[in-house]
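Q: Numbers -18 to 732, taken from our numbering, label the letters of the sequence shown in order. Every residue, glycine too, gets a C-beta built ideally from N, C-alpha and C. Treat the numbers as computed from the prediction; the structure is a model and nothing was measured.
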Amino acid sequence: MTSPPTAPSLVQCENEPIHIPGSIQPFGILLSVESATLTITNASVNCSEAFGLDARELVNRSLAEHLSADALQKIEQYIHSQDLVEQAPLIVPLLHAGSLREQEWEVTAHLHHGVLILELEPLSSEDVAKPLQRLVRNAVHLIFGASRLIDLCQRAAEQVRLISGYDRVMIYRFTEDWHGDVIAETTAPHAQSYLHHHFPASDIPAQARKIFLDNWMRMIPDVAYTPVAIYPGRNATTGAPLDLGMSALRSVSPLHIEYLQNMGVGATLTLPLIDNGKLWGLIACHHLGARTLGSDQRLATKMIAQLVSSQLALKESLEDQRYRNELKRTRGTLLGFMEESESVVGGLAKCTPNLLDLVGAGGGGAAVFHKNTWITVGATPSVAQIDELVEWLATVHGSKEVYASNQLSSMFAPASDYQDIASGLLAIAILKSERNYVLWFRPEVSKTITWAGQPDKRVEVENGVVRLHPRFSFDSWKQVVNGIAAPWKKVEVESAAELRTGILGFNLRRAFAKAQKARALAEKISGEKETLVHIVSHDIRNPLSVLKMSLQFMERAQAAGTATSPEMVARSMRAVDTIERLVTSVLDSAKSDHVTLSPDLQLANAGTLVRDAVDLAMPLAEKAGIDIGVACNGSDLTIACKRAQVEQVLGNLISNALKFTPAGGRITVSARQSDGEVVISVADTGMGIAPALLPRIFDRFTQGTVGAEKGAGLGLSIVKGIIEQEGGRIWVESSVGVGTTFHVTLPRRQG
């Protein structure tokens, strides 16, 4: 009874030593040579075609025996060149031992692991140089002219087929998991198309991909070839099997031959596409029958592969830059909306373009956490599901400012409940401490992937050993995929990160503006209250002085037994009313955050206000020996004003006039009409104001005298502020030694 095979006996193609097959393909001859003496150490057993000797006879003899002096010099210069791999093939006549005739061969050489290997191919009689030159020139022109990556690949496929004549040429791009995607193709009418088909990673195992990084070409002229052995099996210098990883003649894995036969392919040419040292993809050429390419044609296709490789990074970079610029414009627009609406949500979710456009998430959804709730756009999980997702993000990926996945359910199992709308997640953490995130969701990609045949290899038992075999059929085979979204591009992740920076900047600016506004308001309130204290302390002096003088007069009258004057009582009451209004203003201001001495507008007669102010100041003027009078002209001096403030203005101006007018002087307070205004003037015959002081007379704490007296100088600053609040103007005219006149205007009552 035969025991069932065990897993360790499984022959895996990934472990196959394809670089040391011990044989070559028969379209050439292979020699290993000791570089100093040109002694042949290994030879393929078909070497008699070139030398007339079998491998056993040829090994340990010098290659020089089969070269003319001129050919020997060429060979020695060739193999000792600095960049051996990049040298063009050398045309060398070899002396055939059997016929004593010379035959020209193309020789290429490479040094691999210290062993010099020569590969000889018979010189093709086909003259293709001139047409190839034109084809290559046209190919270079077309490839350089491609504006997009897909155009570059399609043009490369077309030009390689034009030069090589193969029935099918594919551009095969590797994905992150190393399976291949045919993104461009051109075929003969009778050849099957594999465009947009996928090939599993096992079709080109890791060791084969590694060889492609070192060797720019792999040709199999006839899939049905018979391998040519190398004699002896090991190299005399290294003692190991001859490493043919860099050899163009290297024999092919039997598994790969079976694969190609199952595919119906008779010959192949494969060229790597390498981007920044990484295998990006392949140019895969298939012919349905046998086909051998001459060295010139191979060199031309190799040049195209190298040219395309040099353009991959550039085209991808240009496409990324175009996309990056597009996303940058969108991001700038969104941040502008945020500034205008003063809201993150208003800028990101409620405008066009919106959050979805920022990372190319069209067809998906997005969510923004704002004021303890989720604002969503497009198709998203439920709020409860989003909360659970954010809890996981904050716990498991809390250190990341940006998180991206196109297979969310494989990382977060509950996401399988909504993978149809959110298999992809891109998240930015705004404030981790508050679990404040912006999220983007992408749905599953197309439900099927088209493979070139069922991707799993066949398993067969041979002599008790389980062996893998390639699939028989390469007909389209569709596989259902679940839980995978289109991957997030690097520029999209960068765009999300830039948005995070923009939002943080917006929040900082907004917080700074609020702080500045609060500080300015606090300073304003503090300043207003300080001003209020100065105003009250300044303006309350006059009525207090009047009240004190009136009380003293009444006290003397009472002592003398005479009656109190009614005018004196009325004057005292007006002084009390003025004090009461000032105190009320202070109390009202203390109840609010805004300090104001601005009661509601009232209708008042400017003439009456002037006479009351003069009457209130009369005791002070009499005490100072100053004559004070009133002059009012005009039939209608009615104004709409804040009465208490106009009384403050008049009190301050009259107080200043009394202060700076000497005994025997005169003060005149007048009111008159003028073009829709009432002009009130306070004129004195005092010492006057120096011209140099006039520009600063209304500044706070400026003393407007020519003498050496000191004072707060608050009165005129207060007056100016009140008049401007009332919509009026104030100015001064003064002459030193003659006197000063202050003029204020107030709008007359309208209608």
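Tell me, please, which residues DSSP counts as bridged to K259.
A: K259 pairs with D256.
Q: Examine the ligand FMN and report whether any of its heavy atoms sits within less than 7 angstroms of the Cβ of Q654.
A: Among the ligands in the structure shown, none appear at all, so the ligand FMN cannot be discussed.
Q: Leaving out five residues on either side along the sequence, give the residues of the same chain with a beta carbon under 8 angstroms from the beta carbon of N216.
A: So the qualifying residues of the chain are S13, T22, N23, V96, P222 and L223.
Q: Quick one: grab the DSSP three-state call for E102.
A: Strand at E102.
Q: Extract the residue ranges of the beta strand (DSSP E) inside the segment 161 to 203, only unbroken runs of 3 or more that lie entirely within it.
A: Within the segment 161 to 203, the complete beta strand (DSSP E) runs of at least 3 residues are 161 to 168 and 199 to 201.
Q: Report the three-state DSSP secondary structure of S232 (helix, strand or coil).
A: Three-state result, S232: coil.
Q: Just how far apart, CA to CA, sit T219 and T207?
A: Cα to Cα, the separation comes out at about 27 angstroms.
Q: Indicate whether D195 and G214 have their beta-carbon atoms separated by less than 8 angstroms.
A: For D195 and G214, no; Cβs fall outside 8 angstroms.
Q: From the DSSP output, in three-state form, read off Y153 for me.
A: Three-state result, Y153: strand.
Q: If you drop the 5 nearest sequence neighbours on each side, which residues of the same chain put their C-beta closer than 6 angstroms to that of A120?
A: Q140 and I285, listed in sequence order.
Q: Please tell me whether I402 and T354 are closer than 8 angstroms, where the distance is taken between their beta carbons.
A: No; because the gap between Cβ atoms is not below 8 angstroms, this pair is not in contact.
Q: Can you give the Cα-Cα distance for A365 and L263, rounded to whole angstroms?
A: About 47 angstroms.
Q: Could you check what DSSP says for E57 in three-state terms: helix, strand or coil?
A: The answer is helix: DSSP assigns E57 an H, G or I state.
Q: How big is the Cα-Cα spacing for L727 and L532?
A: Cα-Cα distance, rounded: 35 angstroms.
Q: By alpha-carbon positions, which one of L697, S655, T642 and S507 ends up nearest to V717?
A: Among L697, S655, T642 and S507, the Cα nearest to that of V717 belongs to T642.
Q: Buried or exposed: G486, going by 16 or more other Cβ atoms within 10 Å of its Cβ?
A: Flag for G486 reads exposed.
Q: How close, in whole Å, do the beta carbons of V650 and V719 come, if the pair is a contact with beta carbons under 8 angstroms?
A: With 8 angstroms as the limit, V650 and V719 do not qualify as a contact, their Cβ atoms being about 18 angstroms apart.
Q: Quick one, which of S290, N243 and T273 has its alpha-carbon nearest W261's?
A: Nearest of S290, N243 and T273 to W261, Cα basis: S290.
Q: Go ahead and pull the three-state DSSP assignment for D665.
A: Correct three-state label for D665: strand.
Q: Have a look at L71, S380, I367 and K352 and flag the residue whose alpha-carbon is nearest the alpha-carbon of E87.
A: Among L71, S380, I367 and K352, the Cα nearest to that of E87 is on L71.
Q: Check whether the Cβ atoms of T168 and D184 lie closer than 8 angstroms to each other.
A: No, they are not a contact pair.
Q: Could you name the residues that DSSP lists as bridge partners for S43?
A: In DSSP, S43 forms a bridge with T20.
Q: From A664 to I648, what distance separates their C-alpha atoms?
A: So the two alpha carbons sit approximately 6 angstroms from each other.
Q: Check the C-beta distance from A347 over to L420 and give it rounded, since I have them as a contact under 8 angstroms.
A: Right, their Cβ atoms sit about 6 angstroms apart.
Q: Kindly identify the DSSP beta-bridge partner or partners of V660.
A: V660 pairs with R653 and T726.
Q: With a threshold of 8 angstroms on Cβ separation, who are the neighbours of G657 within its own chain once the five nearest residues in sequence on each side are excluded?
A: Answer for G657: P728 and R729, listed in chain order.
Q: State the Cα-Cα distance for the pair Q626 and L528, rounded to the nearest angstrom.
A: One C-alpha to the other measures close to 20 angstroms.
Q: Taking three-plus beta-carbon pairs below 8 angstroms as touching, is the segment 36 to 48 in contact with the segment 128 to 138?
A: Touching, no.
Q: Can you check which of these residues, Q629, G667, G646 and A671, is closest to G702 by C-alpha distance?
A: The residue with the shortest Cα to Cα distance from G702 is Q629.
Q: Determine the closest residue to P2 out of A229, E38, G588 and H268, with distance taken between C-alpha atoms.
A: The option with the nearest alpha carbon to P2 is A229.
Q: Measuring only the C-alpha atoms, how far is C736 from V150?
A: Not covered by the structure: residue 736. The range shown for the chain is -18 to 732.
Q: Under a three-way DSSP split, which group does W421 fall into?
A: The answer is strand: DSSP assigns W421 an E or B state.
Q: If you measure between the beta carbons of F350 and Y304, is that distance less than 8 angstroms?
A: Not a contact, by the Cβ cut-off of 8 angstroms.
Q: First and last residue of the beta strand (DSSP E) that includes D608?
A: Note, D608: beta strand (DSSP E), D608 to C613.
Q: Using three-state DSSP, classify Y384 as helix, strand or coil.
A: Y384 falls in the strand class under three-state DSSP.
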